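Colleague:
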Amino acid sequence: LGFGQTWQNVTASRAKNVTYTNSTGAAIMVNVSFLVNNGYVASLLVDNVVVGRIDTGSYEVVIPGVVSAVVPPGSTYRASTDFGAIDNWAELR
745 LGFGQTWQNV TASRAKNVTY TNSTGAAIMV NVSFLVNNGY VASLLVDNVV VGRIDTGSYE
805 VVIPGVVSAV VPPGSTYRAS TDFGAIDNWA ELR
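Read in order, the letters of the sequence shown are residues 745 to 837 in our numbering.
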């Protein structure tokens with residue numbers, strides 16, 4: 745991981761609740777910055793397993809948070825949130 749790879753801002757080409765596949769042939773690192781509305785959750789899933797999560801609890805504000813994961817080659821990944829937004833999405837690929 746990291747050898748010959750560079751960080752790329754892919755925010756413009758990614759969307760929440762959409763499943764992507766790592767077809768690079770190597771492991772990649774995914775870093776997603778969320779803005780989550782009060783009382784809701786945002787998660788990063790790899791192969792449908794929650795690997796990182798932001799839970800705002802009962803706060804009545806928008807909570808920022810970052811979730812990261814290594815995604816093996818051929819695996820799927822998804823940033824999931826019902827009431828939140830993706831502020832930034834970067835991948836080391």
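C-beta: ideal position from N, C-alpha, C; glycine also. For clarity, every value in this text was computed on a predicted model and none was experimentally measured.
Does the count of Cβ pairs from the stretch 796-810 and the stretch 755-773 closer than 8 Å reach three?
Modeller: The stretch 796-810 vs the stretch 755-773: no contact.
Colleague: What's the gap between the Cα of Pro-816 and the Cα of Ala-771?
Modeller: Cα-Cα distance, rounded: 4 Å.
Colleague: Between which residues of its own chain and Asp-791 is the CB-CB distance below 7 Å, once the five residues before and five after are set aside?
Modeller: These residues qualify, in order along the chain: Ser-819, Thr-820.
Colleague: Which residue marks the beginning of the beta strand (DSSP E) containing Leu-779, and which one marks its end?
Modeller: Looking at the DSSP string, the run of the beta strand (DSSP E) that includes Leu-779 is 772-780.
Colleague: In the structure shown, what three-state DSSP assignment does Ser-767 receive?
Modeller: The answer is coil: DSSP assigns Ser-767 none of H, G, I, E or B.
Colleague: Helix, strand or coil, according to DSSP, for Ser-819 in the structure here?
Modeller: Coil, per DSSP.
Colleague: Distance, Cα to Cα, Arg-822 vs Trp-833?
Modeller: Going by the C-alpha atoms only, they are around 11 Å apart.
Colleague: Is Ser-812 near Val-774, with beta carbons less than 8 Å apart?
Modeller: The answer is yes: Cβ separation under 8 Å.
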